[in-house]
Structures are given as structure tokens and as C-alpha cells.
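Residues -22 to -1, 1 to 151, numbered by mature numbering (1 follows the signal peptide of the UniProt record, and there is no 0), are exactly what the sequence shown covers, in order. We put the CB at the ideal spot given by N, CA and C, even for glycine. Note sheet for the following structure.
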Amino acid sequence: MLRTRGKVAGVLVTFAAAGLLAACGNNDSTASSTPTLKTSTSAAAPTQTLPPVQVPTGEATSPQPAPETGAPERPEPVTPSPGPSDTTPVTGKDQVFLDALRKKGITPSSPDIALTAANYVCQGKASGASDQEIATYVNAMAGSDPAFDPQKMSVEQAGKIYIDVASTTYCNK
């Protein structure tokens, strides 16, 4: 019973303190007046000047420039490492799809990218995905290929080629 009374009393004291602080506080700033655009005519208080600092002659040296080196440092050239090797074997169906893409003007940098797009097209059509949804993802895959050249064709056109070629040469084959 005492624990309940203590908790209730503590909660009441907390609410009372919060209410008191909220009621007594306001949005006034500590400034006593607002600034005006008029210039003041009162004289400023005189400032005190300090005597100049004397530096002993032994410690006073002029800054010297850093010693120059013969040639600026250059990082060593990085030899390009070979990318991941294409270990995925290309089947006959895969090769027919890749050849059809090349005939339409698309040469993927890796067969994996093109085959992933083709698999997505086939799975999307099989699951009943909308043509717009399939096109959105295939456009993204086609545009992310490092070999894709936006000067040659638009991403949408490349995506349409991927979808058309996959539908005719890859799906259900």
C-alpha cells in the first residue's frame, strides 16, 4: 500500500512541477529592449591599450620556407586486376539469346547481365507481372550494363529489345 501511495505522490509532484514551469515560463527573451535602427549618440567607454609585447632577440626568428624537394611525390601506378572470370557456362539457349541481342545492336559486357534480364522476363511473364513492371526492371538492368551506350539508343529501347528477344528466343525454349 505504501508503494502505491509513494508512486502516486511522485507522479502528482512531477505533474505539478511541469505545470508550474509551463505556467511561469514564457517566450520573453532576456533582452530588456528591442534594438532600433537609430545610431547612438552616447560616447563609448574609453578602451585600455596594452603595451606592445617585447620578444627577446634570441627567440625572434623570421619564418623560413620549407626545404624544396627535387620532384613532387607521385603515387605508384596501380596495375588493373583482371575482373571476375566468367565461369558460368553458356548453354545453347543462352547463346541463341545472346546472338539475337547482338543482331539487334546490344552487346552486353557480360553474358550474366543479359541472361539475368532474360530470366527475369520469363519469370515475370510466368507469374503474371504487368508489362510495365517487367519493363521497369529490365530497363534498369539494361541501363546498368557497363557496355550500354546511351548515345546509341535509349534505355527504354534497350529494355524493349531485351524483352522482345527474351520472349521470342529464351522463354519456354
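Margin query: For glutamine 110 and valine -12, what's the separation of their Cα atoms in angstroms?
Written below: Mapped onto the sequence shown, residue 110 falls at position 132. Mapped onto the sequence shown, residue -12 falls at position 11. Distance between the alpha carbons of glutamine 110 and valine -12: 59 Å.
Check: Can you round the beta-carbon distance between valine 68 and proline 89 to whole angstroms, since I take them to be within the 8 Å contact cut?
Finding: The residue labelled residue 68 in the question sits at position 90 within the sequence shown. The residue labelled residue 89 in the question sits at position 111 within the sequence shown. Indeed, because the Cβ distance is near 6 Å, the residues count as touching under 8 Å.
Next item on the list: Could you tell me whether the segment 98 to 117 touches the segment 74 to 88, where touching means 3 or more Cβ pairs closer than 8 Å?
Entry: No: the two stretches stay apart, fewer than three of their Cβ pairs being nearer than 8 Å.
Margin query: Which residue wins for smallest C-alpha separation from glutamate 134, given the options Ala144, Ala120, Ser145, Thr146?
Written below: Here residue 134 refers to the residue found at position 156 when the sequence shown is read from its first residue. In terms of CA proximity to glutamate 134, Ala120 leads the group Ala144, Ala120, Ser145, Thr146.
Item checked: Euclidean distance between Cα positions of aspartate 142 and glutamine 101 -> Taking the sequence shown and counting its residues from 1, the one referred to as residue 142 is at position 164. Taking the sequence shown and counting its residues from 1, the one referred to as residue 101 is at position 123. Near 14 Å, if we compare the C-alpha coordinates of glutamine 101 and aspartate 142.
Check: What do you get for leucine 15, buried or exposed, if any count of 16 or more other CB atoms within 10 angstroms of its CB means buried?
Finding: By 1-based counting over the sequence shown, the position of residue 15 is 37. Within 10 angstroms of the beta-carbon of leucine 15 lie fewer than 16 other beta-carbons, which makes it exposed.
Next item on the list: Tell whether a beta-carbon distance below 9 Å holds between residue 156 and glycine 83.
Entry: The requested residue 156 is not part of the displayed model; the chain covers only -22 to 151.
Next item on the list: Using a threshold of 9 Å, state whether the C-beta atoms of threonine 146 and alanine 95 are closer than that.
Entry: Numbered from 1 along the sequence shown, position 168 holds the residue referred to as residue 146. Numbered from 1 along the sequence shown, position 117 holds the residue referred to as residue 95. Contact: no.
Item checked: Beta-carbon contacts of aspartate 72 that lie in its chain and below 7 Å, excluding the five residues immediately before and after -> In the sequence shown, the residue the question calls residue 72 occupies position 94. Non-local C-beta neighbours of aspartate 72 in its own chain, meaning closer than 7 Å and more than five positions away in sequence, comprise Pro89, Leu93, ordered along the chain.
Margin query: Quick check: the Cα distance between proline 128 and alanine 107, rounded to an integer number of angstroms?
Written below: For the purposes of this step, residue 128 is identified with residue 150 of the sequence shown, where counting begins at 1. For the purposes of this step, residue 107 is identified with residue 129 of the sequence shown, where counting begins at 1. Going from the Cα of proline 128 to the Cα of alanine 107 covers about 27 Å.
Check: For valine 68, does the three-state DSSP call read helix, strand or coil?
Finding: Start at 1 with the first residue of the sequence shown, and residue 68 comes out as number 90. Note: valine 68 maps to coil in three-state DSSP.
Notebook entry, point to check: Taking tyrosine 140 as the reference, which of Tyr98, Gly70, Arg(-18), Gln32 has the closest Cα?
Noted result: Numbered from its first residue, the sequence shown carries residue 140 at position 162. It is Tyr98.
Check: Between glycine -17 and threonine -9, what straight-line distance do the alpha-carbon atoms span, to the nearest angstrom?
Finding: In the sequence shown, residue -17 corresponds to position 6, counting from 1. In the sequence shown, residue -9 corresponds to position 14, counting from 1. For glycine -17 and threonine -9, the distance between alpha carbons rounds to 12 Å.
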